[in-house]
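Chemist: Just dropping this structure here.
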Amino acid sequence: MNSKLPDRPSGPRRNRHGRGRRGPLIPMHLPAYRSRPERFDDAVMASAQRLAQRWPGKIEKIEFLIDPVPSDKLLDQASALGERVPLASSVPAGARSPARIIIYRLPIEQIAGNTGELLDLVHQCVVHEVAQLWMKPISEVDPSYFPEDPDF
Numbered sequence: 049m050n051s052k053l054p055d056r057p058s059g060p061r062r063n064r065h066g067r068g069r070r071g072p073l074i075p076m077h078l079p080a081y082r083s084r085p086e087r088f089d090d091a092v093m094a095s096a097q098r099l100a101q102r103w104p105g106k107i108e109k110i111e112f113l114i115d116p117v118p119s120d121k122l123l124d125q126a127s128a129l130g131e132r133v134p135l136a137s138s139v140p141a142g143a144r145s146p147a148r149i150i151i152y153r154l155p156i157e158q159i160a161g162n163t164g165e166l167l168d169l170v171h172q173c174v175v176h177e178v179a180q181l182w183m184k185p186i187s188e189v190d191p192s193y194f195p196e197d198p199d200f
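Sequential numbering of the sequence shown, starting at 49, is according to the numbering used here.
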């Protein structure tokens with residue numbers, strides 16, 4: 049039998065029962081439609097917007113980045129000092145680069161028990177790093193909200 053297989057399938061793909069493609073399992077208007085990284089991005093953006101209302105023009109100069117985990121260098125530094133895994137870090141502005149705040153998604157998600165705790169923890173990290181960049185007390189950066197943990 050010398051039948052040649054087609055390069056691509058003819059017609060639309062079907063599942064094993066011969067029915068058409070399935071639609072999304074969760075409707076777009078429900079919160080579960082977005083993935084965990086997308087919801088985390090939203091939390092960081094909401095925190096930055098909250099601070100931008102208090103500090104118009106200053107927060108926009110900071111670049112917010114989200115990484116899954118801290119770099120090996122940061123983890124080694126933290127373990128050498130006997131500290132916990134960093135949840136965020138900041139890089140001051142350079143001659144050609146803006147100030148940056150890097151938020152680490154997976155360590156924060158592992159600590160947070162629910163969505164409310166996640167939002168609080170993300171905001172604590174953002175406020176803490178902004179306070180470090182500006183060399184101001186946390187209570188001055190966001191007087192309505194600052195962490196209860198004095199070692200934060």
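Idealized CB from N, CA, C, for every residue including glycine.
Because the structure is a prediction, the values reported are computed rather than measured.
Between residue 169 and residue 156, which are expected to be in contact by the criterion C-beta below 8 Å, what is the C-beta distance as a whole number of angstroms?
Modeler: Along the sequence shown, one-based indexing puts residue 169 at 121. Along the sequence shown, one-based indexing puts residue 156 at 108. Contact between residue 169 and residue 156 holds: their C-beta atoms lie close to 5 Å from each other, under 8 Å.
Chemist: Can you tell me which residues form a DSSP beta bridge with residue 111?
Modeler: Counting from 1 along the sequence shown, the entry for residue 111 is found at position 63. DSSP, once it has assigned bridges, lists 148 as partnering residue 111.
Chemist: Spatial neighbours of residue 85 within its chain, please: C-beta separation below 7 Å, excluding the five flanking residues on both sides.
Modeler: Here residue 85 refers to the residue found at position 37 when the sequence shown is read from its first residue. Here the set comprises 153.
Chemist: Mapping the DSSP letters down to three states, classify residue 134 as helix, strand or coil.
Modeler: Counting from one through the sequence shown, the residue named residue 134 turns up at place 86. Three-state result, residue 134: coil.
Chemist: Report the rounded CA-to-CA distance for residue 132 versus residue 172, giving the unit in angstroms.
Modeler: The residue labelled residue 132 in the question sits at position 84 within the sequence shown. The residue labelled residue 172 in the question sits at position 124 within the sequence shown. About 16 Å.
Chemist: Relative to the C-alpha of residue 135, which residue among 92, 183, 83, 182 is closest?
Modeler: One-based indexing of the sequence shown puts residue 135 at position 87. Residue 135 has its Cα closest to that of 92, out of 92, 183, 83, 182.
Chemist: Skipping 5 residues on each side, what residues in its chain have a beta carbon closer than 6 Å to that of residue 192?
Modeler: Start at 1 with the first residue of the sequence shown, and residue 192 comes out as number 144. So no residue of the chain qualifies.
Chemist: Measure the alpha-carbon distance for residue 179 versus residue 185 and round it to whole angstroms.
Modeler: In the sequence shown, the residue the question calls residue 179 occupies position 131. In the sequence shown, the residue the question calls residue 185 occupies position 137. Distance between residue 179 and residue 185, taken at the CA atoms: about 6 Å.
Chemist: Let's test the definition: count the other Cβ atoms within 10 Å of the Cβ of residue 95 and tell me whether it reaches 16, buried, or not, exposed.
Modeler: In the sequence shown, residue 95 corresponds to position 47, counting from 1. Result: buried.
Chemist: Pull up the CB-CB distance for residue 159 and residue 113, whole angstroms please, since I reckon it's below 8 Å.
Modeler: The residue given as residue 159 occupies position 111 in the sequence shown. The residue given as residue 113 occupies position 65 in the sequence shown. The pair is not a contact, with the Cβ atoms about 19 Å apart (cut-off 8 Å).
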